[in-house]
Amino acid sequence: MSNHPNLVLVGFMGTGKSSAGRILAERLGMTFLDMDDEIVRREGRSIPDIFRDSGEPAFRALERALVVELAGQTGYVVSTGGGIVLNPDNVRDFARTGRVFCLHATPEAILKRVEHDTNRPLLQGGDKLARISELLAKRQALYDAIPDRIDTDGHKPADTAAAILARLAGPGRQ
Ligand code: S3P
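The opening position of the sequence shown corresponds to residue 962 in our numbering, with each subsequent residue numbered one higher.
Here is the structure:
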């Protein structure tokens, strides 16, 4: 197991965290972990089922417990769920033991990536672009507070991974 500090990808749904994270992990010889997939695996039920049967607060508690666990380990490239920023403790804990990158995209670019998705309960029903814009506006300040920003508009996951690798090779943040 690599003892490289964790690399943690944060950002709204559809910003490409999982796709870029997989590439990054492979390039760096680290272990990729998608938090949503891990929660689904442990719970034995889908994200929509968790939201429907237990409610969003229960899902956030599962996320929080997994953050605490992962922040205590090394060698992971973590793709977080888009709502991880809602609890500032999550970003703080990840930043304490690893490096956190926030992936950004416009609502239009996000829509293209999630248009046919049925696995994201917060985007179901109604006008999807309006829903994305509204949710993103509510959370924008939380994403903006993360110093390492990566713009993904018009970029493929491999470009995003390359941008993160370049950032890692450059001078570290103070
Ligand atoms: C959510 C994002 C999803 C998932 C859940 C809630 C959010 O993850 O955790 O549907 O609140 O933004 P992705 O960002 O991987 O889609």
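Heads up, the beta-carbon is just placed ideally off N, CA and C, and yes, glycines get one too.
#1: Please classify K1099: is it buried, with 16 or more other beta-carbons within 10 angstroms of its beta-carbon, or exposed?
#2: Would you call the stretch 1001-1018 and the stretch 963-981 touching, i.e. three or more CB-CB distances under 8 Å?
#3: Going straight from the alpha carbon of K1073 to that of G1033, what length do you get?
#4: Leaving aside the five residues before and after T1121 along the sequence, list all residues of the same chain whose C-beta is less than 7 Å from its C-beta, in chain order.
#5: Comparing C-alpha positions only, which one of R1013, E1024, P1132, G1059 sits nearest to R1002?
#6: D997 to R1128, Cα distance in whole Å?
#7: S979 to P1018, Cα distance in whole Å?
#8: How should G1131 be labelled, buried or exposed, when 16 other C-beta atoms within 10 angstroms of its C-beta is the threshold for buried?
#9: Identify whether R1002 lies in helix, strand or coil by the three-state DSSP scheme.
#10: Taking 8 Å as the line, does the beta carbon of K1073 fall inside it for any heavy atom of the ligand S3P?
#11: Could you pull the start and end residues of the beta strand (DSSP E) that F993 belongs to?
#12: Under the rule that 16 or more other beta-carbon atoms within 10 Å means buried, what is A1102, buried or exposed?
The structure says:
#1: Residue environment: K1099 is assigned as exposed (fewer than 16 neighbouring CB atoms within 10 Å of its CB, all protein chains considered).
#2: No, because fewer than three Cβ pairs between the stretch 1001-1018 and the stretch 963-981 fall closer than 8 Å, the two stretches do not touch.
#3: When rounded, the distance between both Cα atoms is 35 Å.
#4: Correct list, in chain order: G977, A981, L1064, I1111, T1113.
#5: Nearest to R1002 by alpha-carbon distance, out of R1013, E1024, P1132, G1059, is E1024.
#6: In a straight line, the C-alpha of D997 is about 26 Å away from that of R1128.
#7: Cα to Cα, the separation comes out at about 23 Å.
#8: Result: exposed.
#9: Correct three-state label for R1002: helix.
#10: Incorrect: K1073 has no Cβ contact closer than 8 Å to the ligand S3P.
#11: Per DSSP, F993 belongs to the beta strand (DSSP E) from 992-995.
#12: Burial call: exposed.
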